[in-house]
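As you go down the protein sequences, you meet chains A and B in turn. Position 145 (the first sequence) corresponds to 518 in the working numbering; numbering is contiguous. Position 85 (the second sequence) corresponds to 102 in the working numbering; numbering is contiguous. Think of the CB as a built atom: it goes at the ideal place given N, C-alpha and C, for glycine as much as any other residue.
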Amino acid sequence: MTALLIAVGVLCAINTGLALLLMLAAATLGRVGPCRITINGEKEMTVAGGRSLLATLKDERIFIPSACGGRGSCGLCKVTVLEGAGPLLPTETPWLTPEEQKANIRLACQVKVRRDLQIRIPDELFQVKQYRARVADLTDLTHDIKQVTLDLEDPPEIHFKAGQYIQLEVPPYALTDEPVYRAYSVASGPADTRRIELEIRYVPNGICTTYVHKHLRVGDTVTLNGPYGEFGLTDSDAEMLCIAGGSGMAPIKSILTEMARTGNPRRCRYFFGARARRDLFLLEFMRELEKTLPDFRFIPALSNPDPADHWEGEVGRVTEVVARHVRDASQAEAFLCGSPLMIDACIQVLREKGMPESKIFYDKF
Amino acid sequence: MEQLGFFPILFAAVFTNNILLTNYLGMCSFLGCSRELKTSTGLGVAVVFVMAVTSVLNWLVYAYVLVPLDLVYLRFIVFIVVIAAFVHLIEMIIERVSETLYTALGVFLPLITVNCAILGASLFMVIREYTFWQAAGYGLGSGLGWALAILAMAGIRQRLAQRGRIPRGLEGPGIALIIAGTMALAFMGFNGMVNLN
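Set out below in structure tokens:
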């Protein structure tokens, strides 16, 4: 018994002693005065120095994407630091190309805030916030896709561009011990800032999809953050070819809703691929859009229609249907959303039809 | 064991009993940071310094705290805590004293806090019942040996990257492990000059 107590006591004494020493050192040696960070030349903030830029910005509620949590092993948290970062560190060089190094791009997790900093980050990151929302409605769109309608509570409004996505937080439950985040495109138009819709397809044993399909109830509170992503409407009047499959419907629906609201006159063809009649949804919504939009057609294509479907529309894989309908795509722009396989196949078809790759925009999931 | 002095032990730890090439300890940072000579030099110097000092510190803790209190079985946990605290402290001091030194050396310190070679050196010196000076020589020598190995590796890899034609399947860690194995074989040539065990 005494031996045990001595062991515990000694271990505690050693650890406490070292911890005290480190705290003392942190309070005297590690202390850096307040520093001023200027972002994009306009926004200024005064922060406590001494920590990494990534952690400091996070405290200011500016979220730089990072996958490794600041250990310098993912290379995602790139920001432009114009002034005050000191020389490039050997822990950063493996992640930065020579051009990036010349452009003063740094890893936010390795740069320490020691003096006033001038940094530049993409404007979109300013908009990224965390939201609390309440489930207002759950509707089955097909046998495996659910439409989730969320009322934003805090903050009560979100400003995003049609085509962007948010990350939904899944709290710990039977399938996960810690919160996980999954990205979903917003399906509703950006004009509706207080309420967003997501379209979530059930994947057997998928952590988030199981949570949404089997556990989530109307009235529940969820947490999400965003918006993210570059996918969205371009500022031109070229013909649009939208191609989607499954829950790839969501960002396209958001784009079309916004086009209908602004009365966008662009010619637009929307090819939607599904297996059978039971995988199609929002048909009436699309028929309505065909009436509202000046030059829009919705072309659903079934790859494997059931005889009982009595399907008279297009049959075949969506890429085949696109190939049949489009003669010359050299002047058009394409907006694709779906699985990587589908997107790669579409890109190939569109290139054969003369579309330059710079005009193909896509959202792979 | 035979009473070897400070220098024979130092020599043995660098050449005949190189901690990396004979015990294969500290492989993760050895493989991860050996692409460029410049990075390897910084890491190598950091390891030499940390290994030399922590061996001595841990020897003192072992001889004057753990042995008298009959707590030798706690050595793993105590050693790793001492190493972690020391490395953290040094990092803070370096950062405050000189930014140039921090850029060249300090940034590597967090990487080697949990390096197994550092803990390995402390444990070997206990298992082999070294005296204080032997432990100091062993710590310094192991650090130098590790640095020598990573510098040699970085030199080879840098040259290979410039003009070597490596089969695709062997790029990166694959070829690095083969080089490490060849280097270990070469170091076996030193065997028998001094014997530690």
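Tell whether a beta-carbon distance below 7 angstroms holds between B:Leu-37 and B:Phe-47. Walking along the second sequence from the start, residue 37 of chain B turns up at place 20. Walking along the second sequence from the start, residue 47 of chain B turns up at place 30. Yes, the pair counts as a contact, with Cβ atoms nearer than the cut-off.
Can you tell me where the alpha helix (DSSP H) with B:Gly-49 in it begins and where it stops? Looking up residue 49 of chain B in the second sequence gives position 32. 44-49 is the span of the alpha helix (DSSP H), which, as asked, contains B:Gly-49.
If you draw a straight line from the alpha carbon of B:Val-67 to that of B:Phe-125, how long is it in whole angstroms? Here residue 67 of chain B is taken as the residue at index 50 of the second sequence, counted from 1. Here residue 125 of chain B is taken as the residue at index 108 of the second sequence, counted from 1. Going by the C-alpha atoms only, they are around 11 angstroms apart.
Please list, in chain order, the residues of the segment 677-710 of chain A that have any C-beta partner in chain B closer than 8 angstroms. none
Just mark A:Pro-600 as buried or exposed, buried being the case when its beta carbon has 16 or more other beta carbons within 10 Å. Within the first sequence, the letter at position 227 stands for residue 600 of chain A. Result: buried.
Could you spell out where the alpha helix (DSSP H) holding B:Met-170 opens and where it closes? Along the second sequence, one-based indexing puts residue 170 of chain B at 153. From DSSP, the alpha helix (DSSP H) with B:Met-170 extends over 149-180.
Excluding the five sequence neighbours on either side, which residues of its own chain have a C-beta within less than 8 angstroms of the C-beta of B:Ser-72, listed in chain order? In the second sequence, counting from the first residue as 1, residue 72 of chain B sits at position 55. Same-chain partners within the cutoff: Ala-138, Ser-139, Met-142, Ala-152, Ala-153, Tyr-155, Gly-156, Leu-157 and Ser-159.
With a threshold of 7 angstroms between beta-carbons, can A:Leu-541 be considered close to chain B, or not? Your numbering for residue 541 of chain A matches position 168 in the first sequence. Judged by the 7 angstroms Cβ criterion, A:Leu-541 is not in contact with chain B.
Could you give the C-beta distance for A:Gly-457 and A:Leu-480, rounded to a whole number, given that I count them as a contact under 8 angstroms? As a working mapping, residue 457 of chain A is identified with position 84 in the first sequence. As a working mapping, residue 480 of chain A is identified with position 107 in the first sequence. That pair is no contact at about 15 angstroms.
Find the residues of chain B that neighbour A:Leu-402, judging by a C-beta separation of less than 7 angstroms, and give them in chain order. Locating residue 402 of chain A in the first sequence gives position 29, where the first residue counts as 1. Per Cβ cutoff of 7 angstroms: Met-109, Ile-110 and Arg-113.
Can you name the residues of chain A whose CB is closer than 7 angstroms to the CB of B:Glu-116? As a position in the second sequence, residue 116 of chain B is number 99, starting the count at 1. The answer, in chain order, is Gly-459.
Cut-off 6 angstroms between Cβ atoms - residues of its own chain near A:Cys-581, not counting five sequence neighbours on either side: Residue 581 of chain A sits at position 208 when you count from the first residue of the first sequence. Closer than 6 angstroms at Cβ, skipping near neighbours: Val-543 and Arg-555.
Using a C-beta to C-beta distance shorter than 7 angstroms, which residues of chain A count as neighbours of B:Val-62? On the second sequence, residue 62 of chain B is found 45 positions in, with the first residue counted as 1. Result: empty, since nearest Cβ-Cβ is about 12 angstroms, beyond 7 angstroms.
Where does A:Phe-671 fall in DSSP's three states? Residue mapping note: residue 671 of chain A aligns to position 298 of the first sequence, counting from 1. If DSSP states are grouped into helix, strand and coil, A:Phe-671 belongs with the strands.
What residue does the alpha helix (DSSP H) around B:Val-31 start on, and which one ends it? Your numbering for residue 31 of chain B matches position 14 in the second sequence. Segment 23-31, the alpha helix (DSSP H) holding B:Val-31.
Among A:His-586, A:Leu-597, A:Lys-587 and A:Phe-654, which residue has its Cα nearest to the Cα of A:Gly-618? Residue 618 of chain A sits at position 245 when you count from the first residue of the first sequence. If we check each option's Cα against that of A:Gly-618, A:Phe-654 comes out closest.
Helix or strand or just coil, what does DSSP make of A:Thr-583? Residue numbering aside, residue 583 of chain A sits at position 210 when the first sequence is read from its first letter. The answer is helix: DSSP assigns A:Thr-583 an H, G or I state.
Cβ neighbours of A:Ile-625 in the same chain (closer than 7 angstroms, five flanking residues each side left out): By one-based count along the first sequence, residue 625 of chain A stands at place 252. Here the set comprises Cys-615, Ala-617, Tyr-643, Phe-708 and Cys-710.
Can you confirm whether A:Ile-379, when its beta carbon is compared against all beta carbons of chain B, has any partner nearer than 7 angstroms? Sequence index remark: in the first sequence, residue 379 of chain A carries index 6 (1-based). Yes, contact with chain B.
Is the CB of A:Ile-387 under 7 angstroms away from at least one CB in chain B? Here residue 387 of chain A refers to the residue found at position 14 when the first sequence is read from its first residue. Yes, A:Ile-387 counts as interfacial toward chain B.
CB A:Ala-611 to CB A:Glu-706, shorter than 7 angstroms? Here residue 611 of chain A corresponds to residue number 238 of the first sequence, with the count starting at 1. Here residue 706 of chain A corresponds to residue number 333 of the first sequence, with the count starting at 1. For A:Ala-611 and A:Glu-706, yes; Cβs fall inside 7 angstroms.
Can you tell me which residues form a DSSP beta bridge with A:Cys-641? Here residue 641 of chain A is taken as the residue at index 268 of the first sequence, counted from 1. Beta-bridge pairing links A:Cys-641 to A:Met-613 and A:Phe-669.
What span of residues does the alpha helix (DSSP H) with B:Phe-141 cover, start to end? Here residue 141 of chain B refers to the residue found at position 124 when the second sequence is read from its first residue. B:Phe-141 -> alpha helix (DSSP H) spans 133-144.
When you compare the segment 558-572 of chain A with the segment 531-539 of chain A, are there three or more beta-carbon pairs, one atom per stretch, that lie closer than 8 angstroms? yes
Along the segment 464-479 of chain A, what residues have a CB closer than 8 angstroms to any CB found in chain B? Thr-464, Thr-466 and Pro-467
Using CA atoms only, rank isn't needed, just tell me which of B:Gly-123, B:Ala-166 and B:Gly-22 is closest to B:Glu-108. Translated into positions along the second sequence, residue 108 of chain B becomes position 91. If we check each option's Cα against that of B:Glu-108, B:Gly-123 comes out closest.
DSSP-derived helix/strand/coil call for A:Gln-500: Position 127 of the first sequence, counted from the first residue, corresponds to residue 500 of chain A. Looking at A:Gln-500 - three-state DSSP - the assignment turns out to be helix.
Minimum Cβ-Cβ distance from A:Leu-427 to chain B less than 7 angstroms: For this step, residue 427 of chain A is matched to residue 54 along the first sequence. It does not: the Cβ of A:Leu-427 has no partner Cβ on chain B nearer than 7 angstroms.
For A:Val-743, would you say it is in contact with chain B, using Cβ-to-Cβ distances shorter than 7 angstroms as the test? Outside the displayed span of chain A (374 to 738) sits residue 743 of chain A, for which this structure offers no information.
For chain B, check one thing: does any of its Cβ atoms lie closer than 7 angstroms to the Cβ of A:Leu-395? On the first sequence, position 22 is the one that residue 395 of chain A refers to. Interface residue, yes.
Local Cβ density within 10 Å of A:Met-715, reported as buried at 16 or more and exposed below that: Locating residue 715 of chain A in the first sequence gives position 342, counting from the first residue. Per the 10 Å Cβ criterion, buried.
Buried or exposed for B:His-105, please, with buried defined as at least 16 other CB atoms from any protein chain shown within 10 angstroms of its CB. Within the second sequence, the letter at position 88 stands for residue 105 of chain B. B:His-105 should be labelled buried.
Would you say the beta carbon of B:Cys-133 is closer than 6 angstroms to some non-hydrogen atom of the ligand ATP? Ligands are entirely absent from the displayed structure, and the ligand ATP is therefore not among its contents.
Three-way DSSP call (helix, strand, coil) for B:Gln-20 in this model: Position 3 of the second sequence, counted from the first residue, corresponds to residue 20 of chain B. In this structure, B:Gln-20 counts as coil in the three-state DSSP scheme.
Nearest-angstrom Cα distance between A:Asn-598 and A:Ala-535? On the first sequence, position 225 is the one that residue 598 of chain A refers to. On the first sequence, position 162 is the one that residue 535 of chain A refers to. Distance between the alpha carbons of A:Asn-598 and A:Ala-535 is about 16 angstroms.
Coil, strand or helix - A:Met-728 by DSSP: Within the first sequence, residue 728 of chain A is the residue found at index 355, counting from 1. Correct three-state label for A:Met-728: coil.
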